[in-house]
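Here's the structure we're looking at; comments come further down.
Number of protein chains: 2
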Amino acid sequence: MPKIGMEPIRRASLIDATIAEIGNAGNLEVTVSQIARRAGMSSALAHHYFGSKEAMFVSAMRHVLTVYGAGVRGALSAAETPRDRARAVIRASFSGVNFRREVIAAWLNFYVLAQSLPEARRLLRVYQHRTVSNLTHALRPIMGPQAREVAHSIAAMIDGAYLHAALGGDEPDAKAATRRIEAYLALALSQAHAR
Amino acid sequence: MPKIGMEPIRRASLIDATIAEIGNAGNLEVTVSQIARRAGMSSALAHHYFGSKEAMFVSAMRHVLTVYGAGVRGALSAAETPRDRARAVIRASFSGVNFRREVIAAWLNFYVLAQSLPEARRLLRVYQHRTVSNLTHALRPIMGPQAREVAHSIAAMIDGAYLHAALGGDEPDAKAATRRIEAYLALALSQAHAR
DNA sequence: GTTTTTGTTGATTGACCAATCAATAACCCA
DNA sequence: TGGGTTATTGATTGGTCAATCAACAAAAAC
Numbered sequence: 005m006p007k008i009g010m011e012p013i014r015r016a017s018l019i020d021a022t023i024a025e026i027g028n029a030g031n032l033e034v035t036v037s038q039i040a041r042r043a044g045m046s047s048a049l050a051h052h053y054f055g056s057k058e059a060m061f062v063s064a065m066r067h068v069l070t071v072y073g074a075g076v077r078g079a080l081s082a083a084e085t086p087r088d089r090a091r092a093v094i095r096a097s098f099s100g101v102n103f104r105r106e107v108i109a110a111w112l113n114f115y116v117l118a119q120s121l122p123e124a125r126r127l128l129r130v131y132q133h134r135t136v137s138n139l140t141h142a143l144r145p146i147m148g149p150q151a152r153e154v155a156h157s158i159a160a161m162i163d164g165a166y167l168h169a170a171l172g173g174d175e176p177d178a179k180a181a182t183r184r185i186e187a188y189l190a191l192a193l194s195q196a197h198a199r
Numbered sequence: 005m006p007k008i009g010m011e012p013i014r015r016a017s018l019i020d021a022t023i024a025e026i027g028n029a030g031n032l033e034v035t036v037s038q039i040a041r042r043a044g045m046s047s048a049l050a051h052h053y054f055g056s057k058e059a060m061f062v063s064a065m066r067h068v069l070t071v072y073g074a075g076v077r078g079a080l081s082a083a084e085t086p087r088d089r090a091r092a093v094i095r096a097s098f099s100g101v102n103f104r105r106e107v108i109a110a111w112l113n114f115y116v117l118a119q120s121l122p123e124a125r126r127l128l129r130v131y132q133h134r135t136v137s138n139l140t141h142a143l144r145p146i147m148g149p150q151a152r153e154v155a156h157s158i159a160a161m162i163d164g165a166y167l168h169a170a171l172g173g174d175e176p177d178a179k180a181a182t183r184r185i186e187a188y189l190a191l192a193l194s195q196a197h198a199r
């Protein structure tokens, strides 16, 4: 039965299963057995590849952040004006891949993990810093020194929308969140131009 | 040793200890024994008064929400203009009692609890609804129909600031959060007046 | 063709913990 | 003063689970 080169396949399955189980349970009290079962293998094999449950969580987190980062970069590459670059960050945050119940629940729990796991905290800080940085660089050409404050405000609104979505019953409303944050962006830009 | 009328005292101690332990651990994986020890009693007594760990969590949550609600009401009662009423909600959110590491960590974990515990979800939704409602009513007189959207935006920024603070190393920066959100409020108001 | 590496699992270990129980003691009222 | 109520805890129970181990199988290497 054992075919060669299974490691990357198994790891990917386990990471997907980890996110799915966290999303399903809504918290980190998921057992390695549950994750392994969903990924179609024994818990012993999960331990074989990741060493510990904690390591599985961190890998799942890194994966979510990587996918998110790729989405942002993709959207940014298609943007031309400063305003479009800011909108790209906002839109990527609420795009289908990232803004799903399952993934939102995972994000929420990663914040909890970051409270006690330094590596998780480090990863989330990198994400926060990048978001603010992306937004600041996008806005600086048209807003000058105010760019940083506005970037922080937009970042807060994005995170707030995620937290709000975590309480919503059905699928989250990406449209409303995008509209609201873009309205703020428009407002901030109009004021900057009226200066 | 047993004095009469201990129940309310014990309950209050346990609730405080629950919040402190969650804040200390950063997650909900705190044992009833830990909480009871911090509150100066045996775990059996904690079970005697609350029945279950879950009930202790919900009571702690209700307490945090009650304190927060009282803070908002107090600030609102001292406000006269619509703008001051909106600022009251913002300021209360970042006042010393609520915006402390310990309490912020508890909030974060209550969101996680809400993912699997209907009662916790209900409580948080009440809080969300009240915040938006307070802000909408404050802003309606000067913003008309836009009030609701702006209220949602401010609410998102408040929640986002909490999430951001949960990752901060030292004591959270209430000043910066308040300044940023009030700046947005000023912006929204100036646009409403320029209409 | 045998040895090493990679893949895989059932079973076990060791620890932890929520909840319950039995027992003790102080307080209050009739 | 003695039975009901409230306060309190040490010990136990029953269950869960992360992590490890021993063992087996297939592929690769030599």
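These protein sequence lines are chains A and B, in that order.
All residue numbers for the first sequence refer to our numbering, where the first residue is 5 and numbers rise by one.
All residue numbers for the second sequence refer to our numbering, where the first residue is 5 and numbers rise by one.
Just so you know, even glycine gets a beta-carbon here, dropped at the ideal spot from N, CA and C.
Keep in mind the model is a prediction, meaning the values are calculated, not measured.
Check                                                                                                                                                                               : Outcome
Is the shortest distance between the beta-carbon of Arg184 of chain B and the beta-carbons of chain A less than 8 Å?                                                                : yes
Assuming His156 of chain B and Ala160 of chain A make a contact with CB atoms under 8 Å, what is their CB distance in whole Å?                                                      : Between Ala160 of chain A and His156 of chain B the Cβ distance is about 13 Å, and since that is not below 8 Å, they are no contact.
Going along chain B in order, which residues have a C-beta closer than 8 Å to the C-beta of Ala115 of chain A?                                                                      : Note on identity: in this sequence residue 115 of chain A is Tyr, with Ala being the wrong assignment. Here the neighbours are Leu112, Leu167, Ala170, Leu171.
Can you give me, in chain order, the residues of the segment 126 to 148 of chain B that have a beta carbon less than 8 Å from any beta carbon in chain A?                           : Leu128, Arg129, Gln132
Output yes if chain B places a C-beta closer than 8 Å to the C-beta of Gln38 of chain A; else output no.                                                                            : no
Which residue marks the beginning of the alpha helix (DSSP H) containing Ser47 of chain A, and which one marks its end?                                                             : 47 to 54
Within 10 Å of its beta-carbon, does Ser56 of chain A have 16 or more other beta-carbons around it, so buried, or fewer, so exposed?                                                : exposed
So is Tyr72 of chain B in contact with chain A if we call contact Cβ pairs under 8 Å?                                                                                               : no
With 8 Å as the limit, tell me which residues of the segment 186 to 199 of chain A have their beta carbon closer than that to any beta carbon of chain B; keep them in chain order. : Ala187, Tyr188, Leu191, Ala192, Ser194, Gln195
Do you know offhand how far Gly73 of chain B's Cα is from His141 of chain A's?                                                                                                      : 38 Å
Out of B:Ala79, B:Ile146, B:Arg15, B:Leu171, which has the shortest C-alpha to C-alpha gap to Ala198 of chain B?                                                                    : B:Ile146
Against Ser99 of chain A, what residues of chain B qualify as contacts under a CB-to-CB distance less than 7 Å, listed in chain order?                                              : The premise fails here: Ser99 of chain A is roughly 18 Å from chain B at the closest Cβ pair, so nothing lies under 7 Å.
What does a CB cutoff of less than 6 Å around Arg152 of chain B pick up in its chain, not counting 5 residues either side in sequence?                                              : Thr140
Would you report the Cα separation of Ser63 of chain B and Asn113 of chain A, rounded to the nearest angstrom?                                                                      : 22 Å
By Cβ distance, which residues of its chain are closer than 8 Å to Met5 of chain A, with the 5 residues on each side in sequence left out?                                          : Unreliable placement is indicated for Met5 of chain A, whose pLDDT of 46 sits below 50; no coordinate value is reported for it.
What are the boundary residues of the alpha helix (DSSP H) that includes Asn223 of chain B?                                                                                         : An answer regarding residue 223 of chain B cannot be provided, because it is not within the stretch 5 to 199 covered by chain B.
Would you mind sorting Gly30 of chain B into buried or exposed? The rule is 16 or more other CB atoms within 10 Å of its CB.                                                        : buried
Taking Gly164 of chain A as the query, report the chain B residues whose CB atoms sit under 9 Å from its CB, ordered along the chain.                                               : Ser157, Ala159, Ala160, Met161, Ile162, Asp163, Gly164, Ala165, Tyr166, Leu167
Does the pairing of the segment 117 to 136 of chain A with the segment 169 to 188 of chain A give three or more beta-carbon distances under 8 Å?                                    : no
Between B:Val154, B:Gly100, B:Ala40, which lies nearest to Gly136 of chain B when the distance is taken from Cα to Cα?                                                              : In the sequence as displayed, the identity of residue 136 of chain B is Val instead of Gly. The candidate whose alpha carbon is nearest that of Val136 of chain B is B:Val154.
Leaving out five residues before and five after Leu128 of chain A in sequence, what residues of the same chain have Cβ atoms less than 7 Å from its Cβ?                             : Phe114, Tyr115, Ala118
In whole angstroms, what separates the C-alpha of Ala21 of chain A from that of Ile158 of chain B?                                                                                  : 36 Å
Going by beta-carbon coordinates alone, are Phe54 of chain B and Leu18 of chain B separated by less than 8 Å?                                                                       : yes
Kindly say whether Gly55 of chain B, judged by its beta-carbon, lies nearer than 8 Å to any beta-carbon of chain A.                                                                 : no
Is the beta carbon of Leu191 of chain A sitting closer than 8 Å to the one on Ala192 of chain B?                                                                                    : yes
Within its chain, find whatever has a CB closer than 7 Å to the CB of Gln150 of chain B; leave out the 5 residues flanking it on each side and keep chain order.                    : Ala196
Report the rounded CA-to-CA distance for Ser46 of chain B versus Ala40 of chain B, giving the unit in angstroms.                                                                    : 6 Å
In the structure shown, what three-state DSSP assignment does Gly172 of chain A receive?                                                                                            : coil
At least one CB of chain B closer than 8 Å to the CB of Glu175 of chain A: is that the case?                                                                                        : no
For Gly75 of chain B, I'd like the list of residues in its chain whose CB is within less than 7 Å of its CB, leaving aside the five on either flank, ordered along the chain.       : Ala96, Ser99, Val101, Asn102
Among residues of its own chain, excluding the 5 on either side of Arg14 of chain A, which ones have a beta-carbon nearer than 6 Å to its beta-carbon?                              : Tyr53
Along chain B, which residues have their Cβ under 7 Å away from the Cβ of Glu106 of chain A?                                                                                        : In chain order: nothing, as chain B lies at least about 11 Å away.
Mind checking if Ser120 of chain B is an interface residue toward chain A, Cβ cutoff 8 Å exclusive?                                                                                 : yes
If we ignore side chains and look at the alpha-carbon of each, how far apart do Arg77 of chain A and Gln38 of chain A end up?                                                       : 34 Å
For the alpha helix (DSSP H) containing Met266 of chain B, name the first residue and the last one.                                                                                 : Here chain B covers residues 5 to 199 and nothing more, so residue 266 of chain B does not appear.
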